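Asks: Please see the structure below; I have some questions.
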Amino acid sequence: MKPENNMSFEEQQEILSVCLDEIVKLKEENLRLQERLDSITATEHVLMDGLKKMVQLTQQQASYYQLNKNLIYNGVDNIKYELYDNIDHKYCYPEFYHLEETLDLIINQKKSMARFGDGEFAIMAGETRHKFQQADQHLGQRLQEVIQCEEDGLLIAIADNYGNLDKYNSAQRWEIRSYMSEQHRQQHMRFLDLSRKYHNAYISRPYAMYADNRTDAPYYRFQNLKKIWDSRNVIFIEGSLTRMGVGNDLFDNAAQIKRIVAPPTDAFAQYDKILNAALQYADSDTLFLIALGPTASILAYDLFHAGHQALDIGHLDLEYEWYLKGEGDRCEIKNKYNNEMDGGDVVEDIDDPQYTAQILCAIGNH
Numbered sequence: 135m136k137p138e139n140n141m142s143f144e145e146q147q148e149i150l151s152v153c154l155d156e157i158v159k160l161k162e163e164n165l166r167l168q169e170r171l172d173s174i175t176a177t178e179h180v181l182m183d184g185l186k187k188m189v190q191l192t193q194q195q196a197s198y199y200q201l202n203k204n205l206i207y208n209g210v211d212n213i214k215y216e217l218y219d220n221i222d223h224k225y226c227y228p229e230f231y232h233l234e235e236t237l238d239l240i241i242n243q244k245k246s247m248a249r250f251g252d253g254e255f256a257i258m259a260g261e262t263r264h265k266f267q268q269a270d271q272h273l274g275q276r277l278q279e280v281i282q283c284e285e286d287g288l289l290i291a292i293a294d295n296y297g298n299l300d301k302y303n304s305a306q307r308w309e310i311r312s313y314m315s316e317q318h319r320q321q322h323m324r325f326l327d328l329s330r331k332y333h334n335a336y337i338s339r340p341y342a343m344y345a346d347n348r349t350d351a352p353y354y355r356f357q358n359l360k361k362i363w364d365s366r367n368v369i370f371i372e373g374s375l376t377r378m379g380v381g382n383d384l385f386d387n388a389a390q391i392k393r394i395v396a397p398p399t400d401a402f403a404q405y406d407k408i409l410n411a412a413l414q415y416a417d418s419d420t421l422f423l424i425a426l427g428p429t430a431s432i433l434a435y436d437l438f439h440a441g442h443q444a445l446d447i448g449h450l451d452l453e454y455e456w457y458l459k460g461e462g463d464r465c466e467i468k469n470k471y472n473n474e475m476d477g478g479d480v481v482e483d484i485d486d487p488q489y490t491a492q493i494l495c496a497i498g499n500h
């Protein structure tokens, strides 16, 4: 029996040709689809990379915002105090002596000075602000005792942060604004008496913070400060990594320099030993220059009561180092402890026979 649909060879060939054409078309379409898929995949990668970058940027912005929200919030909030200072300074601001008046009292009347900054106010409030000195109840009580002192021979100095900030450079103005929150302002007012006049703690910061720090003004401020120890027998009381005057000429006009070296951190734990050493080595005309964090304020107070002139000079030597660098800002000083720079607590060793010969005693761990 023959099939009903017998096809000739030519007919079969024609059908096969059509099928092959369709296969070719399908392959071409498949290639086009593959190219589109590759293009979509590449676009997806670009989009994903872009999305990842957007996420990273958002995270960075969130981190930046988190780090700087105090600057933003406190800065805006603080501006009203800056503006009001031009209208009525006595509204809610401490009154300050001019730096020239303070210098005259120190140089010509040999008065002592205790300084109070953010670290001291924090400790009086039971908080730790700087890692080089942990809050301590007894330390806080002693600082309160000192800041309330109104004896004629002791100058109480606080930072001039409360009103107009035009004398400072832009970076310093925003640094102050970031710190001077309503909480910190109220914290300070717990310990201040607005009926008295204070000296300016920034007497020991003649350079980096000021708007005129790229003029001759810092040079003259340092020259005036040098009159304090001119031809005087000086004992430094400092942390073991502070090294005041090492590598510069800031104190070259002193008649003699000796040193009592204390721990670079938590010096107050060794307070009695430090004070006893100071009294042991002092002569009647000794000038004490102290750079020892919050402990310096109490030492200045106790040495004043013991009949000596004692000055808390804080970061003065670092300020002079920055001035010599001439960069208009704080910078790294590799062989001196610097709590205001990241990594500033990692300090290089020195080999200075003159410095070593000046050390009267070293107290505590170093």
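Start counting the sequence shown at 135; every next residue gets the next number (this note's numbering). A virtual CB, placed ideally from N, CA and C, is assigned to each residue, including glycine. No experiment lies behind these values; they were computed from the predicted model shown.
Distance, Cα to Cα, histidine 442 vs cysteine 465?
Replies: 34 Å
Asks: Let me check one thing: in DSSP terms, what residues is glutamine 443 bridge-paired to?
Replies: Leu421
Asks: Terminal residues of the continuous beta strand (DSSP E) containing lysine 360?
Replies: No beta strand (DSSP E) contains lysine 360, which is instead part of the alpha helix (DSSP H) from 351–360.
Asks: Along the chain, which unbroken stretches of the beta strand (DSSP E) at least 3 residues long are found entirely within the stretch 372–414?
Replies: 390–396
Asks: Quick check: tyrosine 302 and threonine 376, are their CB atoms within less than 8 Å of each other?
Replies: In this structure, tyrosine 302 lies away from threonine 376, with their beta-carbon atoms at least 8 Å apart.
Asks: Hey, out of Phe230, Gln243, Asp419 and Met247, whose CA is closest to leucine 328's CA?
Replies: Phe230
Asks: Considering only the alpha carbon of each residue, which of Arg249, Leu450 and Ile424 lies closest to leucine 288?
Replies: Arg249
Asks: I'd like the list of long-range same chain contacts for valine 395, defined as Cβ closer than 8 Å, with 5 residues on each side in sequence excluded.
Replies: Close CB contacts of valine 395 within its chain, under the 8 Å cut and outside five residues either way in sequence, are with Glu372, Gly373, Ser374, Ile493, Cys495, Ala496, Ile497 and His500 (chain order).
Asks: Can at least three beta-carbon pairs, one atom from the stretch 382–391 and one from the stretch 361–371, be found at a separation below 8 Å?
Replies: yes
Asks: Who pairs with phenylalanine 370 in a beta bridge, going by DSSP?
Replies: BP columns for phenylalanine 370 point to Arg393 and Leu423.
Asks: Can you tell me the Cα-Cα spacing of tyrosine 199 and methionine 314, whole angstroms?
Replies: Bear in mind that the predicted position of tyrosine 199 carries a pLDDT of just 47, short of 50, making it too unreliable to give a figure here.
Asks: Excluding the five sequence neighbours on either side, which residues of its own chain have a C-beta within less than 6 Å of the C-beta of isoleucine 408, listed in chain order?
Replies: Ala396 and Ile497
Asks: From the DSSP output, read off the bridge partner residues of tyrosine 302.
Replies: The partner list for tyrosine 302 (beta bridge, DSSP) reads Tyr344.
Asks: When DSSP builds the beta bridges, which residues end up paired with methionine 247?
Replies: Listed as beta-bridge partners of methionine 247 by DSSP are Leu289 and Leu445.
Asks: Does the stretch 266–285 come close enough to the stretch 350–361 that 3 or more CB-CB pairs lie under 8 Å?
Replies: no
Asks: Assign aspartate 294 to buried or exposed, taking buried as 16 or more other Cβ atoms, counted over all protein chains shown, within 10 Å of its Cβ.
Replies: So aspartate 294 ends up on the buried side.
Asks: How is phenylalanine 438 classed by DSSP in three states: helix, strand or coil?
Replies: helix
Asks: Use the C-beta contact count for serine 418: other C-beta atoms within 10 angstroms, 16 or more gives buried, fewer gives exposed.
Replies: Residue environment: serine 418 is assigned as exposed (fewer than 16 neighbouring CB atoms within 10 Å of its CB, all protein chains considered).
Asks: In terms of residue numbering, what span does the beta strand (DSSP E) encompassing asparagine 334 cover?
Replies: First-last of the beta strand (DSSP E) with asparagine 334: 331–334.
Asks: Does leucine 450 pass the burial test, meaning 16 or more other C-beta atoms within 10 Å, or should it be called exposed?
Replies: buried
Asks: Tell me where the beta strand (DSSP E) around alanine 496 begins and ends.
Replies: 493–496
Asks: Can you name the residues that DSSP bridges to phenylalanine 230?
Replies: Tyr332
Asks: Between the alpha carbons of aspartate 346 and leucine 233, how many angstroms are there, rounded?
Replies: 16 Å
Asks: From Gln168, Phe255 and Thr399, pick the residue whose C-alpha is nearest to that of methionine 323; which is it?
Replies: Phe255
Asks: Should glutamine 460 be labelled buried (16 or more other beta-carbon atoms within 10 Å of its own) or exposed?
Replies: Checking the sequence shown, residue 460 turns out to be glycine, not glutamine. Exposed, by the Cβ-count rule.
Asks: Looking only at its own chain, which residues have a Cβ that is under 6 Å from the Cβ of histidine 333, when we skip the five neighbours before and after it?
Replies: Apart from sequence neighbours up to five positions away, the residues of its chain that approach histidine 333 with a beta-carbon distance below 6 Å are Tyr231, Thr236, Leu289 and Ala291, ordered along the chain.
Asks: According to DSSP, is threonine 262 helix, strand or coil?
Replies: coil
Asks: Helix or strand or just coil, what does DSSP make of serine 365?
Replies: coil
Asks: Could you name the residues of the same chain whose beta carbon sits closer than 7 Å to that of alanine 444, not counting the 5 residues immediately before and after it, in chain order?
Replies: Ser246, Phe422, Ile424, Leu433, Ala434, Leu437 and Phe438, listed in sequence order.
Asks: Could you give the DSSP three-state label for alanine 416: helix, strand or coil?
Replies: Assignment of alanine 416 by DSSP, reduced to helix, strand and coil, places it in the coil class.
Asks: Measuring only the C-alpha atoms, how far is arginine 170 from glutamate 163?
Replies: 10 Å
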